[in-house]
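Asker: Dropping a structure here in structure tokens format, bear with me for questions.
2 protein chains.
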Amino acid sequence: MSKTSNGKSRASGRITLAEVAAHAGVATMTASRAISQPELVSPLLRGRVERAVAELAYVPNRAARALASAQSNVIVVLVPSLSNAVFTAVLAGIQDALDADHYQILIGNTRYSDAEEEKLLGINLQSNPDGILLSGLTHSPRVRQMLATSRVPIVSMMDLASEPTQLSVGFSQQQAGQAMTRYLLDKGHRRIAFLGAQRDERTLKRADGYRAAMAAAGLADPRLELMVDAPSTIALGAELLGRLLAEMPDCDAIFCCNDDLAHGAIYQCQRRGIAVPQQLAICGFNDLPASAWMSPSLTTIATPRYRIGFEAATLLRAVIRGETPPATRIDLGFTLMARESA
Amino acid sequence: MSKTSNGKSRASGRITLAEVAAHAGVATMTASRAISQPELVSPLLRGRVERAVAELAYVPNRAARALASAQSNVIVVLVPSLSNAVFTAVLAGIQDALDADHYQILIGNTRYSDAEEEKLLGINLQSNPDGILLSGLTHSPRVRQMLATSRVPIVSMMDLASEPTQLSVGFSQQQAGQAMTRYLLDKGHRRIAFLGAQRDERTLKRADGYRAAMAAAGLADPRLELMVDAPSTIALGAELLGRLLAEMPDCDAIFCCNDDLAHGAIYQCQRRGIAVPQQLAICGFNDLPASAWMSPSLTTIATPRYRIGFEAATLLRAVIRGETPPATRIDLGFTLMARESA
DNA sequence: CTGAAAGCGCTTACAG
DNA sequence: CTGAAAGCGCTTACAG
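Chains as they are written, first to last, in the working numbering: chain A, 1 to 342; chain B, 1001 to 1342.
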């Protein structure tokens, strides 16, 4: 509107704070304060500025603010998947924890790829984030180096760090895997198979727990483990069940590394007329919504994913504010949901 | 490192382009060019700059670049949900379409709330985005006003705009609802119920299609429609099935506005011993992964959600570049998947 | 409580 | 092909 830039200017054409100030008849500084720290401005001038903002439909330029103030109010979140309900729940928790704050949340989907994580981190570091929320404890050397040189506060989500200096919120994936295996052992199963996909950090740790429990019971048998690189899907669960039974027909229970695989395995049993749990016990991990409702309902581990996001964001915010957090390692635990399938 | 800022400076403490340039023994400008437009710089200087960048672990400041160049390279995406697999697929399509580009994708989750959409749009408009990807065609007056004054290119996803000036990528939700209802009618069903949740734009349009088909068959009956505000979940589908059968025991088929509801309805039938489709036909909408695998497999509408994201992002990119798109309205259609449940 | 000046870290014209 | 100057739109000290 009105007299904006003259001639060969590089101006964006949008309303600036200076124009708002001129319109309100105050200095740019005063307009800035009336917006950012209104309590420091007299009601009279504040009102004039507010009116000018509304009349001109002023939208602050975030880049200019970030540059001038040397702080971005950005929090970066890196998750390995958006199609996995576990991580969308984590994101919901983060969103809720930060809702009242002024932070802009930058979501990056690494697709379980180190290369993608490096790329996304590099791009997002350019936004000079106030903090970073990371999934998992294991990262590539390049990622670790980028994080170290950036000196940005980091909270790791999902699992618990061994080093107490590292901030982490989650639960022991290994112990959860062990607990589920012990449950099956206690039920009298002996030939318990482990079905894994994606080979991501959490799957590997759950497999560790499975192995520990089987070894402790003197029942370890590597042939009972079926692990693939492909992403977890219902279709893969159905397929892996077939492969497992073909190779290990004497197996009497299956621990699937997540519910998707377990759902697929159960559906496949239904199609083949295999009674679950009578002929074959099946359990999963995560307790997705369908697990409680399907028939047979799925025995699984309920994971506090929403709370992981919420508590991790809360912890990160505290650290950003310079507060000393009460704990650097927040164990949110897990719950074994014993249902019909095992 | 070395001699950074002196005294009371407001510097961020991070390595700047000027330091990289000094380290390489070139002007700041040349360093800038060596990074942004390397082909314009001699191999000798380019090499020196590249080495300096690596040695100092230089990370460009995005805010400064955005401010100086008056372009953000940001694309904002607003979706109503992240827990709904439909929208995470849309996001995956967008990500893939824009992967080779330099865009930063800002994801906003409006949670099916107009207020939240206004808030997110306001915040994200501060980043001066090059373009915006919106879900749906219906928005609050404030949102429409904000979009209009921003003059940022917009592509609407999911449904098709009636005005050809408005860029849209999707399919007719109304026609899809109609097609599914006709399918049930053709199968001989007469008392076909409609189960809806969330009351979002798409649910309402599918209901419109249902009503049109029922009216055309002379079988319309408002009591067959059960619509609630709550978000769609499997649990809600199970609950609504109970309510529907209590009120309309003569209903012989159910069209659920999405697969989540349909899954819940089917699971509930299994628990109650109601044979699907013999006693009651059930169909859904979206074709989620479980639908093809569950027993009975779910008759539903497969929606091109990944492609919607991909094509919408491709269209937006073309418009941002100033190209004239071949079409302003991209109809990606839908596919009725006739399976066991109806 | 209010404001003139300087500066954040980059890029855009413009010269050479 | 290279560079000195100015400017993007804000905020931070610093005065008054």
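For each residue, glycine too, the CB sits at the ideal point set by N, CA and C.
1. State yes or no: is the beta carbon of Asn1286 of chain B nearer than 8 Å to at least one beta carbon in chain A?
2. Check whether the stretch 243-259 of chain A touches the stretch 190-198 of chain A, counting contact only when three or more Cβ pairs, one atom from each stretch, lie closer than 8 Å.
3. Going by other Cβ atoms of all chains shown within 10 Å of its Cβ, with 16 needed for buried, is Met294 of chain A buried or exposed?
4. Under the rule that 16 or more other beta-carbon atoms within 10 Å means buried, what is Ser1005 of chain B, buried or exposed?
5. Do you know how far the Cα of Asn1061 of chain B is from the Cα of Arg1014 of chain B?
6. Which chain A residues sit within Cβ distance under 7 Å of Ile1123 of chain B?
7. When the Cα atoms are used, what is the spatial distance from Gly1028 of chain B to Leu1045 of chain B?
8. Are any of the Cβ atoms in chain A nearer than 8 Å to that of Leu1044 of chain B?
9. Would you kindly report the start and end of the unbroken alpha helix (DSSP H) that includes Cys1256 of chain B?
10. Just to confirm my understanding: we take Glu1019 of chain B, look at its own chain, exclude 5 residues before and 5 after, and list those with CB closer than 7 Å. What are they?
11. Flag Thr233 of chain A as yes if its beta-carbon sits less than 8 Å from any beta-carbon of chain B, otherwise no.
12. My output table needs one value for Leu336 of chain A: the three-state DSSP class, helix, strand or coil.
13. On the DSSP letters alone, give me the boundaries of the beta strand (DSSP E) that Gln1104 of chain B sits inside.
14. Does the stretch 1162-1176 of chain B touch the stretch 1205-1213 of chain B, meaning 3 or more C-beta pairs lie closer than 8 Å?
15. Could you work out which residue in B:Pro1141, B:Ala1179, B:Ala1265 is closest to Gly1196 of chain B when comparing CA atoms only?
16. Return the residues of the stretch 1236-1252 of chain B that lie within a Cβ-Cβ distance of less than 7 Å from chain A, sorted by chain order.
17. The beta strand (DSSP E) that contains Ala1027 of chain B, what's its start and end?
18. Using the beta-carbon count (16 or more within 10 Å), is Glu1311 of chain B buried or exposed?
19. If you draw a straight line from the alpha carbon of Ala31 of chain A to that of Val49 of chain A, how long is it in whole angstroms?
20. Taking the beta carbon of Asp1099 of chain B as the centre, do at least 16 other beta carbons fall within 10 Å, making it buried, or is it exposed?
21. If you measure beta-carbon to beta-carbon, which residues of the stretch 269-280 of chain A are closer than 9 Å to chain B?
22. Between which two residues does the beta strand (DSSP E) holding Asp1331 of chain B run?
23. For Ala1230 of chain B, I'd like the list of residues in its chain whose CB is within less than 8 Å of its CB, leaving aside the five on either flank, ordered along the chain.
24. What are the uninterrupted segments assigned as beta strand (DSSP E) that are 3 or more residues long and contained completely in the stretch 1112-1183 of chain B, given in chain order?
25. How far does the alpha helix (DSSP H) with Glu1239 of chain B in it reach, from first residue to last?
26. Flag Val1086 of chain B as yes if its beta-carbon sits less than 8 Å from any beta-carbon of chain A, otherwise no.
27. Just by C-beta distance, which residues in the stretch 26-39 of chain A are closer than 7 Å to chain B?
28. Which residues in the same chain as Ala318 of chain A place their Cβ atom closer than 6 Å to its Cβ, once the five residues preceding and following it in sequence are excluded?
29. Flag Pro129 of chain A as yes if its beta-carbon sits less than 8 Å from any beta-carbon of chain B, otherwise no.
30. In terms of residues, what are the limits of the beta strand (DSSP E) holding Met1227 of chain B?
31. State the DSSP-derived secondary structure class of Ala1193 of chain B, mapped to helix, strand or coil.
32. Can you determine whether any heavy atom of the ligand SAM sits closer than 7 Å to the C-beta of Gly170 of chain A, and answer yes or no?
33. Classify Ala1212 of chain B as helix, strand or coil using the three-state DSSP reduction.
34. With a cut-off of 8 Å, does the C-beta of Asn61 of chain A fall near any C-beta of chain B?
35. What separation, rounded to the nearest whole angstrom, lies between the Cα atoms of Ile1123 of chain B and Ala338 of chain A?
36. So the beta strand (DSSP E) Ala1302 of chain B belongs to, where does it begin and stop?
Answerer: In short:
1. The count along the second sequence starts at 1 and reaches residue 1286 of chain B at position 286. At a cut-off of 8 Å, the C-beta of Asn1286 of chain B has no neighbouring C-beta in chain A.
2. With the cut-off at 8 Å, the stretch 243-259 of chain A and the stretch 190-198 of chain A touch.
3. Start at 1 with the first residue of the first sequence, and residue 294 of chain A comes out as number 294. The residue is buried, with at least 16 neighbouring Cβ atoms inside 10 Å.
4. For the purposes of this step, residue 1005 of chain B is taken as residue 5 along the second sequence, with counting starting at 1. With a pLDDT of 37 at Ser1005 of chain B, under the threshold of 50, the modelled position of this residue cannot be trusted, and the question is left open.
5. The sequence position of residue 1014 of chain B within the second sequence is 14, counting from 1. The sequence position of residue 1061 of chain B within the second sequence is 61, counting from 1. About 9 Å.
6. As a position in the second sequence, residue 1123 of chain B is number 123, starting the count at 1. By Cβ distance, chain A contributes Gln104.
7. Looking up residue 1028 of chain B in the second sequence gives position 28. Looking up residue 1045 of chain B in the second sequence gives position 45. Per the sequence shown, residue 1028 of chain B should be read as Thr rather than Gly. A direct Cα-to-Cα measurement between Thr1028 of chain B and Leu1045 of chain B gives close to 12 Å.
8. Position 44 of the second sequence holds residue 1044 of chain B. Leu1044 of chain B does not count as touching chain A.
9. For the purposes of this step, residue 1256 of chain B is taken as residue 256 along the second sequence, with counting starting at 1. First-last for Cys1256 of chain B: 1253-1256, but that is the beta strand (DSSP E), not the alpha helix (DSSP H).
10. Here residue 1019 of chain B corresponds to residue number 19 of the second sequence, with the count starting at 1. Around Glu1019 of chain B, the same chain offers Leu1056 as residues with beta carbons nearer than 7 Å, after the five sequence neighbours per side are excluded.
11. Against the first sequence, residue 233 of chain A aligns to sequence position 233. With respect to chain B, the C-beta atom of Thr233 of chain A has a partner C-beta closer than 8 Å.
12. Residue numbering aside, residue 336 of chain A sits at position 336 when the first sequence is read from its first letter. Here Leu336 of chain A sits in strand by DSSP.
13. Translated into positions along the second sequence, residue 1104 of chain B becomes position 104. Per DSSP, Gln1104 of chain B is one residue of the beta strand (DSSP E) stretching across 1104-1109.
14. Taking a contact to require three or more Cβ pairs closer than 8 Å, the stretch 1205-1213 of chain B and the stretch 1162-1176 of chain B qualify as touching.
15. On the second sequence, residue 1196 of chain B is found 196 positions in, with the first residue counted as 1. Of B:Pro1141, B:Ala1179, B:Ala1265, the smallest CA-CA separation from Gly1196 of chain B is found for B:Ala1265.
16. Identification of residues in the stretch 1236-1252 of chain B having a C-beta nearer than 7 Å to some C-beta of chain A yields Ala1238, given in sequence order.
17. Here residue 1027 of chain B corresponds to residue number 27 of the second sequence, with the count starting at 1. It is not in any beta strand (DSSP E) - Ala1027 of chain B carries neither H nor E in the DSSP assignment.
18. Here the question's residue 1311 of chain B lines up with position 311 in the second sequence. Classification of Glu1311 of chain B: buried, given that the 10 Å Cβ count is 16 or more.
19. Within the first sequence, residue 31 of chain A is the residue found at index 31, counting from 1. Within the first sequence, residue 49 of chain A is the residue found at index 49, counting from 1. When rounded, the distance between both Cα atoms is 6 Å.
20. Counting from one through the second sequence, the residue named residue 1099 of chain B turns up at place 99. With fewer than 16 other Cβ atoms within 10 Å, it is exposed.
21. Listed by position along the chain: Gln270, Arg271.
22. As a first step, residue 1331 of chain B must be located in the second sequence, where it is residue number 331. Here the beta strand (DSSP E) through Asp1331 of chain B covers 1329-1331.
23. Working through the second sequence from its first residue, we reach residue 1230 of chain B at position 230. Cβ within range, chain order: Ala1197, Gln1198, Leu1236.
24. Segments of the beta strand (DSSP E) lying fully in the stretch 1112-1183 of chain B: 1131-1135, 1154-1158, 1168-1170.
25. By one-based count along the second sequence, residue 1239 of chain B stands at place 239. Note, Glu1239 of chain B: alpha helix (DSSP H), 1234-1247.
26. For the purposes of this step, residue 1086 of chain B is taken as residue 86 along the second sequence, with counting starting at 1. Not one beta carbon of chain A lies nearer than 8 Å to the beta carbon of Val1086 of chain B.
27. Identification of residues in the stretch 26-39 of chain A having a C-beta nearer than 7 Å to some C-beta of chain B yields an empty set.
28. Here residue 318 of chain A refers to the residue found at position 318 when the first sequence is read from its first residue. Only Pro325 meet the Cβ criterion.
29. As a first step, residue 129 of chain A is located in the first sequence; it is residue number 129 there, counting from the start. Residue-level contact by beta carbon fails for Pro129 of chain A and chain B, as no gap is shorter than 8 Å.
30. As a first step, residue 1227 of chain B is located in the second sequence; it is residue number 227 there, counting from the start. From DSSP, the beta strand (DSSP E) with Met1227 of chain B extends over 1225-1227.
31. Within the second sequence, the letter at position 193 stands for residue 1193 of chain B. In this structure, Ala1193 of chain B counts as strand in the three-state DSSP scheme.
32. What this structure holds is no ligand at all, so the ligand SAM is not there to describe.
33. Within the second sequence, the letter at position 212 stands for residue 1212 of chain B. Looking at Ala1212 of chain B - three-state DSSP - the assignment turns out to be helix.
34. Position 61 of the first sequence, counted from the start, is the residue given in the question as residue 61 of chain A. With 8 Å as the cut-off, Asn61 of chain A counts as an interface residue toward chain B.
35. Stepping through the second sequence from its first residue, residue 1123 of chain B is reached at position 123. Stepping through the first sequence from its first residue, residue 338 of chain A is reached at position 338. C-alpha separation (whole angstroms): 45 Å.
36. Looking up residue 1302 of chain B in the second sequence gives position 302. Residues 1300-1302.
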